[in-house]
Amino acid sequence: MADPLISLDGIEKVFDVRRRVGLMRREKRQVRAVDGISFEVARGEVVGYIGPNGAGKSTTIKMLTGILTPSGGRLRVAGIDPARERMRLAHRIGVVFGQRTTLWWDLPLKDSYGLMRRMYRIPPARFEQNMERCVEQLDLAALLDVPVRQLSLGQRMRGDIAAALLHDPEVLYLDEPTIGLDVVSKARVRAFLRQLNEELGTTVLLTTHDLQDIEQLCERVMVIDHGRLMYDGALGGLHAMGEGERTLVVDLERELAPVEVPGARVVKVEGARQWLAFPAGESAAPLVAEVAGRYPLLDLSVREPDIEDVIARMYAGRG
Amino acid sequence: MADVTGVGGEAVEVRVVSGDVRDVREVRGVVPWGGRAREGLRGYRLIVAMWIRSTMAYRASFLLAAFGNAVISLLDFVAIAVMFSHIDALGGFTLPEIALLYGSCSVSLGLADLFLGNTDRIGVRIRDGSLDTMLVRPVPVLAQVAADRFALRRLGRITQGLAVMTWGISVLEVDWTAGKVLLVPVMVVAGAAIFAAVLVAGAAFQFIAGDAAEVQNSFTYGGCTMLQYPPTVFGRDLLRGVTFVVPLAFVNWLPALYVLGRPVPLGLPQWTAFLSPLVAFLLFLPASLAWRAGVRSYRSTGS
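Chains as they are written, first to last, in our numbering: chain A, 8 to 326; chain B, 16 to 318.
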């Protein structure tokens with residue numbers, strides 16, 4: 008890859024964990040949270056970084072932002088060694104933590120943005136332009152005067168994403184950006200990120216548990232488990248490796264025997280509600296039509312396989 | 016795009032806006048050792064200004080808090096004054112003399128508390144991982160931690176200390192020399208710097224021991240309570256400890272005793288009364304090294 012924006016070469020992060028054994032003695036144990044990861048990301052890519060809890064996703068992101076110092080390996084972001092030149096790097100990256108806000112809790116949103124402008128020395132014209140863009144696309148106009156602590160999770164997340172972009176970062180890291188958001192908020196965040204990447208060419212690296220985030224945003228997926236990179240490639244390849252199943256949940260008018268439709272099997276029945284599994288690659292439409300035509304259908308929903316599921320199948324398929 | 020270094024080695028930032036992709040990149044020159052301090056001060060000013068603005072949005076609440084703060088610390092001195100209605104001297108010191116000791120260390124601690132007081136909250140930030148958000152901003156973490164929730168109401172303690180000190184000095188019949196006149200402000204400022212160094216070292220220690228804030232408080236608030244009383248009431252071992260180990264005696268004891276024309280404790284030569292600024296500087300070196308080591312060892316949390 009010519010001139011990668013992000014490059015990791017054999018990156019490791021080892022934590023010393025001290026555990027009390029008996030009254031005074033302490034046992035020291037080493038945990039390899041990240042165990043020799045290498046990859047490169049080119050300018051303008053949108054990459055999904057997935058894996059089960061505790062796989063080392065957040066630890067990797069924290070090394071890429073300079074929060075944590077790697078225990079070994081070579082790491083460069085925009086030519087900068089993050090841990091050594093954290094402040095210099097800060098001007099070139101944007102970071103969104105799904106679990107915590109980078110905004111000032113007690114201040115109105117716009118005061119936080121004003122402080123960001125000065126802190127990052129954003130030229131006024133540029134700041135206006137970026138604010139306008141974010142306020143419009145993330146629908147922030149009504150929230151600007153509200154203290155951050157009064158915002159809902161979805162509103163706060165939109166506020167945080169805007170804050171991470173005001174200084175025109177070349178790369179945007181998002182750690183679980185859609186966690187806890189409702190469907191509408193998720194859709195809005197995804198649409199915004201897509202537009203950001205298309206219009207400004209911002210490189211995006213995101214961790215998520217939501218397979219839809221990956222499907223709708225990322226051309227490239229990396230799967231990490233036990234601190235190692237297990238897969239790096241297109242999403243299609245991941246599906247092929249661990250063919251998942253989607254679930255159609257149907258609410259019928261009354262309790263009935265398990266429905267029988269081609270291309271799906273009932274995996275669970277609970278009163279008038281039934282769960283039908285069907286291959287993830289197939290469309291749900293013919294199945295829905297079939298069920299609606301033959302049974303007294305009240306309501307339905309489609310559930311995507313979650314990432315743990317796909318990964319579990321991937322391992323099963325490999326082993 | 017080449018690296019650009021400004022006059023005097025100052026970091027210069029160049030933003031290049033190119034074409035329709037609106038690709039904005041930034042080139043910064045090498046940041047020299049002074050650059051970091053300057054960036055820190057700048058960031059500190061920005062954050063403090065924001066907190067003052069937000070405090071002033073509730074002016075009445077601020078005035079009440081500052082007033083309450085001053086009254087509470089004033090009552091503290093009233094307690095000592097009441098004690099003197101039964102005795103004439105404490106450890107050989109009169110009430111106005113104790114007022115000088117009390118007031119000067121109150122102002123010193125008040126200043127350190129005003130400018131760096133929130134560093135003891137860093138333990139919470141380390142434990143819950145919210146220090147992460149400070150580490151991704153282009154401002155030194157120490158400046159952000161120190162400026163976090165900057166509280167002007169702490170001016171209350173400084174005002175009280177100044178009042179007590181001024182009263183003491185006006186009542187005392189000091190044989191003023193140029194050196195003594197100079198020493199009074201130097202004592203207060205250097206004392207504040209010594210407390211500040213203790214706060215920074217304490218904050219650094221919290222990277223290793225999560226709830227070290229109490230240890231830190233015992234040196235700052237506890238230390239100040241001790242320094243309010245004349246050294247003659249304490250044992251020699253304690254005096255040695257606060258002179259040579261954690262040199263809190265340089266906050267006010269040594270300089271104030273010189274101003275009062277009394278012998279410097281532990282039989283030290285008179286000129287040691289002027290060493291406070293040097294002591295503060297020497298304390299800052301290990302404190303700032305410890306701070307850097309602390310930030311480097313930061314482990315964040317699991318998510």
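Ideal placement from N, C-alpha and C gives every residue a C-beta, glycine not left out.
Counting only beta-carbon atoms, is residue i nearer than 7 Å to chain B?
{"i": "L114(A)", "result": "yes"}
{"i": "R6(A)", "result": "The question about residue 6(A) has no answer here: the residues shown for chain A are numbered 8 through 326."}
{"i": "V102(A)", "result": "yes"}
{"i": "M94(A)", "result": "yes"}
{"i": "R25(A)", "result": "no"}
On the criterion of 16 or more Cβ atoms from any shown chain inside 10 Å, does residue i qualify as buried, or is it exposed?
{"i": "W191(B)", "result": "exposed"}
{"i": "M31(A)", "result": "exposed"}
{"i": "E52(A)", "result": "buried"}
{"i": "M71(B)", "result": "exposed"}
{"i": "D23(A)", "result": "exposed"}
{"i": "R43(B)", "result": "Residue placement at R43(B) is poorly supported in this model, since its pLDDT is 40, which falls under 50; the coordinates still yield a value, given next. Buried."}
{"i": "R165(A)", "result": "buried"}
{"i": "F82(B)", "result": "exposed"}
{"i": "S308(A)", "result": "exposed"}
{"i": "K193(A)", "result": "buried"}
{"i": "V45(B)", "result": "Low per-residue confidence applies at V45(B): pLDDT is 42, beneath 50, and the placement is therefore not dependable enough to give any value."}
{"i": "P200(B)", "result": "exposed"}
{"i": "R255(B)", "result": "exposed"}
{"i": "Y59(B)", "result": "buried"}
{"i": "G187(A)", "result": "exposed"}
{"i": "D143(B)", "result": "exposed"}
{"i": "S88(B)", "result": "buried"}
{"i": "L293(B)", "result": "exposed"}
Would you say residue i reaches chain A, if we count a Cβ-Cβ gap shorter than 7 Å as a contact?
{"i": "D147(B)", "result": "yes"}
{"i": "S76(B)", "result": "no"}
{"i": "L105(B)", "result": "no"}
{"i": "R311(B)", "result": "yes"}
{"i": "L5(B)", "result": "What is shown of chain B runs 16 to 318, which leaves residue 5(B) out entirely."}
{"i": "L150(B)", "result": "yes"}
{"i": "V36(B)", "result": "Any reading at V36(B) needs caution, since the residue's pLDDT is 34, under 50, leaving its predicted position unreliable; the model's value is listed next. It does: the Cβ of V36(B) has a partner Cβ on chain A nearer than 7 Å."}
{"i": "P47(B)", "result": "Any reading at P47(B) must be qualified, since the residue scores a pLDDT of 49, below 50, and its modelled position is unreliable; the value itself is stated next. No - not a single Cβ of chain A is within 7 Å of the one on P47(B)."}
Using only alpha-carbon positions, find the residue among the options that is nearest to residue i.
{"i": "A38(A)", "options": "P293(A), S78(A) and D10(A)", "result": "Checking the sequence shown, residue 38(A) turns out to be Val, not Ala. Nearest C-alpha to V38(A): S78(A)."}
{"i": "L347(A)", "options": "I57(A), R227(A), L12(A) and R163(A)", "result": "Because chain A is modelled from 8 through 326, residue 347(A) falls outside the range shown and cannot be assessed."}
{"i": "P280(B)", "options": "V189(B), N133(B), L253(B) and I67(B)", "result": "L253(B)"}
{"i": "P269(A)", "options": "L294(A), W282(A), S290(A) and A279(A)", "result": "L294(A)"}
{"i": "L218(A)", "options": "L245(A), G208(A) and T76(A)", "result": "L245(A)"}
{"i": "E188(B)", "options": "Q221(B), Y117(B), S303(B) and G276(B)", "result": "G276(B)"}
{"i": "L207(A)", "options": "L116(A), R93(A) and P176(A)", "result": "P176(A)"}
{"i": "C239(B)", "options": "W268(B), F220(B) and G217(B)", "result": "W268(B)"}
{"i": "I173(B)", "options": "A52(B), S121(B), F130(B) and A161(B)", "result": "S121(B)"}
{"i": "L263(A)", "options": "G86(A), V190(A), P303(A) and L145(A)", "result": "P303(A)"}
{"i": "L61(B)", "options": "R125(A), R50(A), R83(A) and G80(A)", "result": "R125(A)"}
{"i": "A132(A)", "options": "R36(A), H174(A) and S159(A)", "result": "H174(A)"}
{"i": "F104(A)", "options": "L224(A), V48(A), I168(A) and S290(A)", "result": "I168(A)"}
{"i": "V102(A)", "options": "I74(A), A287(A) and G61(A)", "result": "I74(A)"}
{"i": "L160(A)", "options": "W112(A), E139(A) and I129(A)", "result": "W112(A)"}
Can you pull the chain B residues whose beta carbon is under 8 Å from the beta carbon of residue i, in chain order?
{"i": "A6(A)", "result": "Outside the displayed span of chain A (8 to 326) sits residue 6(A), for which this structure offers no information."}
{"i": "L122(A)", "result": "L61, I62 and M65"}
Report the neighbours of residue i on chain A: residues whose CB is nearer than 8 Å to its CB, in chain order.
{"i": "G58(B)", "result": "M126"}
{"i": "R314(B)", "result": "F22 and L75"}
{"i": "G250(B)", "result": "The premise fails here: G250(B) is roughly 32 Å from chain A at the closest Cβ pair, so nothing lies under 8 Å."}
{"i": "E54(B)", "result": "M94"}
Who are the neighbours of residue i on chain B, taking C-beta pairs under 9 Å?
{"i": "D118(A)", "result": "M65, R68 and S69"}
Which residues in chain A have a C-beta closer than 9 Å to the C-beta of residue i? List them in chain order.
{"i": "G276(B)", "result": "Here the premise fails: no neighbours, minimum Cβ distance about 50 Å."}
{"i": "G138(B)", "result": "Going along chain A, no residue has its Cβ under 9 Å from G138(B), so there is no contact; the nearest lies around 17 Å."}
{"i": "G171(B)", "result": "Correct list: empty, because the minimum Cβ distance to chain A is about 21 Å."}
{"i": "G83(B)", "result": "Simply none; closest approach about 20 Å."}
In chain A, which residues lie with their C-beta within 7 Å of the C-beta of residue i?
{"i": "G132(B)", "result": "The premise fails here: G132(B) is roughly 17 Å from chain A at the closest Cβ pair, so nothing lies under 7 Å."}
message = What are the residues in the region 67–78 of chain A lying within 8 Å of chain B by C-beta distance?
response = For the region 67–78 of chain A, the beta-carbon criterion of a distance under 8 Å to any beta-carbon of chain B is satisfied by K69, T72, G73, I74, L75 and T76.
request  = Pull out every residue of the region 205–238 of chain B whose Cβ sits closer than 8 Å to any Cβ of chain A, in chain order.
outcome  = Within the region 205–238 of chain B, no residue has a Cβ that lies closer than 8 Å to any Cβ of chain A.
request  = Could you name the residues of the region 175–202 of chain B whose beta carbon sits closer than 9 Å to any beta carbon of chain E, in the order they occur along the chain?
outcome  = In the structure shown, chain E cannot be found, because the protein chains are A and B.
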